[in-house]
Structure formats: C-alpha cells, structure tokens
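Numbering (full-length UniProt numbering), first residue to last: 1 to 260. What follows is a set of notes on a single structure, which appears directly below.
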C-alpha cells in the first residue's frame, strides 16, 4: 500500500478514532513501510498533541476531551478539508447571508469563496475573517464580512461568549456552515469547547439551512458538548460516504449527504 506520508498519518488518526489505539507492527504491515517510519509518524503526531505514544503503539491523547490548538490541526486531513471546502462554496447563492463557525475545515472553506455577488458572511473565526477580508479586497467576491464580537480564545483563534450569541440574534441568516469535533447517530453533532459549542448552537437556531462540513475521521465520535441532533442538519459534506452501519437509518432520510 503506497501512500504519501501525510495521507498515512491521516489514516493512522482515523483508525485511532475508530478503535482508540493502534499498534506499530500492525501499521507496518498495513502500509508496507519500516517500523522506523511508523514510529516517526507517531512521534510527529504526538508532538502535535493528536495521540499519546505507548509501548508498541499509541492511544488517544488527552485531547480526546480537549481539542488540540488550532495551529496543530491545520495539516490534519488537509486534502479532505480542501475538497470539502471547494464543494461547500457551490451551496452559496448570490445575495446569501451566511454564517461560518470556527475550525480548520472552515478556514479551507473560506479560502475557496469566490465568484459570488452581494453576499454577507458572518463569522466568529479570526483566521476565517482574515482570509475573507483579503479575498474581498482582491475583488474575488462582492459583499461584506462581519466579525462577531466577544471573548477571544487564542488557542482556538475563535470568538465566543454571551455578546457573540446576542449579536447572532440580530441577523436573519440563510445558511449556517458549521464544523464538528464528532458526529454520531445517537448524539448528533458535538464539539470540544463549551463556549464555541454555544455559539454554534446559536448559529443553528437562527439559520434557515444547516450545512455540516466534516471529514470522515469525525464519524462515530462523540465529544464533550452537543451542538445539535442530526435531524437539525440539512446537508453534510464529507470526503467519504456515510458509515455502513448508518444505512437505512431514519435520521439520515432528510439529510443530503454530499461526498466529494
């Protein structure tokens, strides 16, 4: 099995999310690489806070309950996030008022926004607002960008708090583009951070259509705070089809699952 180093690391993280641990020798056999290569991969992922190395392999890190800082996550599943972002732009119509929450997938989405007219984009993400402002200055789309006020989280580069939620209540929003720390049939969309979750929950509450952008590593995962049940979501954009165990489930009947 010949894959690029970043793809291999992403596959390791997906496996880790599914079963909670990985073994070096099993990964050596799976990817047909040396033991040294796998140990180096695990070391790099540990340095980013994405797992914890143990004798013979690795387990989920403490960040199972506390998400790694934003800068540590920008290269994780990046190819999938780029493809998801490109597809999400197709769902923006001219004249739309949209809201984008925080997260690295949302940053890739923001980088793809162009060729749209008279759109209003509201966000609580500092990197997203920065990218969109630059794109707007370059006349790649027309409209305006609104950065929500509130308390800044320097690690996650997001804005949250009661002021943020109050500001969201002032708008009539067509589409909310939200991210997730986890997605499951039982608990729906969830996230790691309470304050960010409350903002995302408010976005869901004030928007006419809910569009979830998530890579497959989040499937079947439950994180700390519930954002919304799956039946509140209208569209899911992911790089893979939904899990086999989800087939014929009633909660997916009304969801448009878009595979990129």
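Where a beta carbon is used, it is the ideal one built from N, C-alpha and C, also for glycine.
Specify, as a first and last residue, the run of the alpha helix (DSSP H) that residue i falls within.
i, result
"residue 18", "5-19"
"residue 79", "78-89"
"residue 162", "162-168"
"residue 213", "Here residue 213 belongs to no alpha helix (DSSP H); instead the beta strand (DSSP E) covers 207-213."
"residue 41", "35-47"
Straight-line CA distance for residue i to residue j?
i, j, result
"residue 18", "residue 214", "16 Å"
"residue 54", "residue 131", "39 Å"
"residue 36", "residue 45", "14 Å"
"residue 207", "residue 217", "26 Å"
"residue 92", "residue 116", "8 Å"
"residue 254", "residue 194", "28 Å"
"residue 89", "residue 109", "7 Å"
"residue 157", "residue 48", "17 Å"
"residue 198", "residue 231", "18 Å"
"residue 151", "residue 180", "20 Å"
"residue 42", "residue 161", "36 Å"
"residue 146", "residue 121", "6 Å"
"residue 31", "residue 22", "13 Å"
"residue 51", "residue 94", "42 Å"
"residue 57", "residue 25", "8 Å"
"residue 65", "residue 34", "Only weak support exists for where residue 65 lies, its pLDDT of 49 falling under 50; the value from the coordinates is given anyway. Roughly 32 Å between the two C-alpha positions."
"residue 174", "residue 210", "9 Å"
"residue 59", "residue 154", "27 Å"
"residue 219", "residue 239", "11 Å"
"residue 286", "residue 6", "A query on residue 286 cannot be resolved here, the shown segment of the chain reaching from 1 to 260 and no further."
"residue 171", "residue 259", "30 Å"
"residue 63", "residue 38", "In this prediction, residue 63 has a pLDDT of 46, which is less than 50 and means its spatial position is unreliable; what the coordinates show is noted afterwards. Taking the straight line from one Cα to the other gives about 21 Å."
"residue 262", "residue 78", "Residue numbering for the chain in the displayed model covers 1 to 260; residue 262 lies beyond these limits and cannot be assessed."
"residue 40", "residue 27", "12 Å"
Exposed or buried, what is residue i when buried is set at 16 or more other beta-carbons lying within 10 Å of its beta-carbon?
i, result
"residue 11", "buried"
"residue 249", "exposed"
"residue 140", "exposed"
"residue 29", "exposed"
"residue 263", "The chain is shown only over 1 to 260; residue 263 falls outside these bounds and no answer can be derived."
"residue 247", "exposed"
"residue 165", "buried"
"residue 8", "buried"
"residue 20", "exposed"
"residue 4", "exposed"
Opposite residue i in the DSSP bridges: which residues?
i, result
"residue 123", "100 and 147"
"residue 57", "23 and 54"
"residue 153", "158"
"residue 182", "190"
"residue 261", "Only positions 1 to 260 of the chain appear in this structure, which leaves residue 261 out of reach."
"residue 236", "212 and 257"
"residue 225", "191"
"residue 219", "183"
If you follow the beta strand (DSSP E) that residue i is in, where does it begin and where does it stop?
i, result
"residue 231", "Unbroken run through residue 231: none, as it is neither H nor E."
Counting only the same chain and skipping the five closest in sequence on each side, list residues whose C-beta sits under 6 Å from that of residue i.
i, result
"residue 100", "106, 123, 128 and 177"
"residue 242", "257"
"residue 112", "85, 86 and 89"
"residue 143", "118, 119 and 120"
The ligand HEM and residue i: does any heavy atom of the ligand fall closer than 7 Å to the residue's C-beta?
i, result
"residue 85", "As presented, the structure is devoid of all ligands, the ligand HEM included, so that no description of it is given."
Using a Cβ-Cβ cutoff of less than 7 Å, which residues in the same chain neighbour residue i once the five nearest sequence positions on both sides are dropped?
i, result
"residue 14", "216 and 217"
"residue 81", "104, 105, 108 and 215"
"residue 203", "99, 101, 168, 176 and 178"
"residue 163", "149 and 150"
Spatial neighbours of residue i within its chain, please: CB distance less than 8 Å, with the 5 preceding and 5 following residues excluded, ordered by chain position.
i, result
"residue 186", "222"
"residue 227", "178, 180, 188, 189, 190, 191, 197, 200, 201 and 204"
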